[in-house]
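Residue numbers (this note's numbering), protein chains in the order written: chain R, 1 to 255; chain F, 1001 to 1255.
The C-beta atom is built at its ideal place from N, Cα and C for all residues, glycine as well.
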DNA sequence: GGATTGTCGATTGTCAACAATAGATATTCC
DNA sequence: GGAATATCTATTGTTGACAATCGACAATCC
């Protein structure tokens, strides 16, 4: 019996203080309320969140692991500067790992996750017409995670989960252009289903190729919409993304 | 202990207390002195290492990140049970990331690292005949890391470094069969050089294929020698590796 | 007898004070 | 005036004590 990943997460959500702080502070960083490169002072944060420095310290380690802050011993923690390139890099790494997951799952799947993936596909099909791009993106993420677990490679699943956790995603998922049209959703749902079918008949090459197309499209849309958001919000100083190499990046991602 | 030792430690060893503890405790785990599944009690460790619980706490987080311990909030830390499969999984993930690095570096290299890689290749060539398998393995690792950096993808480089850090490697690198014969070293050096050549002429496919061959051979040797060590040492109870699926694994890795 | 609930000890979570350090500022010397 | 050095302050590293929580054992109830 497979457990539902998301209910699992919700059940064990931020119970401990450091995790709560990490969640909150991470949200502030992603939202741009903490500016790029800003120094994070433990005592100040402690007062701000109404806790002692201990939990703050651990929260900073958590955010460091999620690559939202940069930490040097005895030199303090800083909000990590994000660039469009770093987001593109993230997509590249995610793709490499996801394709490994697809190939592995198509070769020697953990049977129970095939059913889970089938359910996700059904969900996606059902959501093609109902027009909520964000919900659709969320289920897509879940399906990708299912493939990771279905590979039976625990390390791989954890690494992919870590990448997804890098809250940069939040910025991207909220991008208004992702999965916005019915056609885009239709194609994504179809690609996920053909991945599922390929896995069922143990056709690793086909599974990899469907998954690659799905993820490439996803990446291109995300980068495009992110750069639009960036341009639009730059004037307000909301986002702290550096835009060096922007056009070059978009050219690359299309290739 | 002499002052030379102290200076050596101060210069090269982990500067901060938690890192030192993590290093030491991690070594104990890898060496099998802490048994698989054993509970790690903070106060006990604190007394054992002569520090307070704070640094111990952070050390445990570090080891959790290196996948050497399993930590559940309010429920304590346990040394993570290692299996041959988990090592094989590690190799799979490393290979996926390294091939991405090779492809990226062959497509858009960070020029300066091409020279570094050339130096590594020269070092390898020079070491083919001198017969130190461990030193050869170390330089190979360094060359792989150079490719990671040469891709210009910082996240990728960090992820690969993390994987290398997972001290499981120590076990593997010390395995007496790795790079033991002149022929094996010759082929590895040649493959690394052909990777370099491919990168120089921007031939991504060739770079990936050389790198794949190199890493596959490396993995097969490592898994084979690790399973031998395991079998040999099992009687002494030194290693705490579980051996489920051993033969299956080796069959897979040959494919 | 088996399951449920209450209590207890061991262990982790949190805190506030103390020590050590890095970076900035002021001072001295040339 | 500029560079090197000394001092000083803000901030992180570390500690020991206190509070909250988990798991186990025992007492109770059916």
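Within the stretch 101-163 of chain R, the runs of alpha helix (DSSP H) at least 4 residues long that lie entirely inside it are, in chain order, 111-127, 133-150. Within the DSSP bridge table, the entry for residue 17 of chain R names no partner. One alpha carbon belongs to residue 1036 of chain F, the other to residue 1107 of chain F, and they sit about 44 Å apart. Using a Cβ-Cβ distance cut-off of 8 Å, the stretch 1149-1159 of chain F and the stretch 1108-1128 of chain F are in contact, since at least three pairs of beta carbons, one from each stretch, lie closer than that value. Here the alpha carbon of residue 1081 of chain F sits roughly 15 Å from the alpha carbon of residue 1060 of chain F.
For residue 1070 of chain F, the enclosing beta strand (DSSP E) covers residues 1069-1072. Under the Cβ distance rule, residue 154 of chain R counts among the residues neighbouring chain F, one pair being separated by less than 8 Å. For the stretch 1014-1026 of chain F, the set of positions with a beta-carbon nearer than 7 Å to some beta-carbon of chain R reads 1015, 1016 in chain order. For residue 93 of chain R, at least one C-beta of chain F is nearer than 8 Å to its own C-beta. Rounded to whole angstroms, the separation of the alpha carbons of residue 1222 of chain F and residue 1229 of chain F is 10 Å.
In this chain, the alpha helix (DSSP H) harbouring residue 183 of chain R covers 182-200.
Neighbours of residue 211 of chain R in chain F, taken as residues at a C-beta separation under 8 Å, are lacking, since the least C-beta distance is about 13 Å. DSSP places residue 76 of chain R in the strand class (E or B) of the three-state scheme. Excluding residues up to 5 positions away in sequence, 1146, 1196 lie with their Cβ nearer than 6 Å to the Cβ of residue 1117 of chain F in the same chain.
DSSP places residue 61 of chain R within a helical segment (H, G or I) once states are collapsed to three.
Beyond the five residues adjoining it in sequence on each side, residue 1121 of chain F comes within less than 6 Å, by CB distance, of 1192, 1193, 1196 in the same chain, given in chain order. By the CB criterion at 8 Å, residue 103 of chain R and residue 204 of chain R fall inside the cutoff. When DSSP states are grouped into helix, strand and coil, residue 1219 of chain F belongs to the helix group.
Burial check for residue 1092 of chain F: the Cβ neighbour count within 10 Å reaches 16 or more, so the residue is buried. Neighbours of residue 96 of chain R across chain F, judged by C-beta separation under 7 Å: 1096, 1097, 1100.
Spatial neighbours of residue 64 of chain R in its own chain (CB-CB distance under 7 Å, excluding positions within 5 residues in sequence) are listed in chain order as 71. If you ignore the 5 residues before and after residue 1026 of chain F, its C-beta comes within less than 7 Å of the C-beta of 1063, 1066, 1068, 1167, all in its own chain and listed in chain order. Shown here, residue 1034 of chain F sits in coil according to DSSP, grouped into three states, outside any helix or strand. Within the stretch 50-81 of chain R, the residues whose Cβ lies closer than 9 Å to any Cβ of chain F are, in chain order, 54, 57, 58, 61, 62, 65, 67, 73, 74. The Cβ-Cβ distance between residue 114 of chain R and residue 199 of chain R falls below 8 Å. Taking a 10 Å sphere around the C-beta of residue 43 of chain R, we find fewer than 16 other C-beta atoms and assign the residue as exposed. In this structure, the CA atom of residue 126 of chain R is about 11 Å from the CA atom of residue 139 of chain R. Partner residues in the beta bridge of residue 39 of chain R, as assigned by DSSP, are R/78. Residue 1178 of chain F sits in coil when the DSSP states are folded into three classes, being neither helix nor strand.
Nearest neighbour of residue 202 of chain R by Cα position, chosen from R/226, R/105, R/24, R/79, turns out to be R/105. Counting the other Cβ atoms within 10 Å of the Cβ of residue 183 of chain R gives fewer than 16, which makes it exposed. Under the three-state reduction of DSSP, residue 1228 of chain F is assigned to helix. Listed along chain F, the residues sitting closer than 8 Å to residue 90 of chain R by beta-carbon distance are 1155. The C-alpha of residue 97 of chain R is placed about 7 Å away from the C-alpha of residue 160 of chain R.
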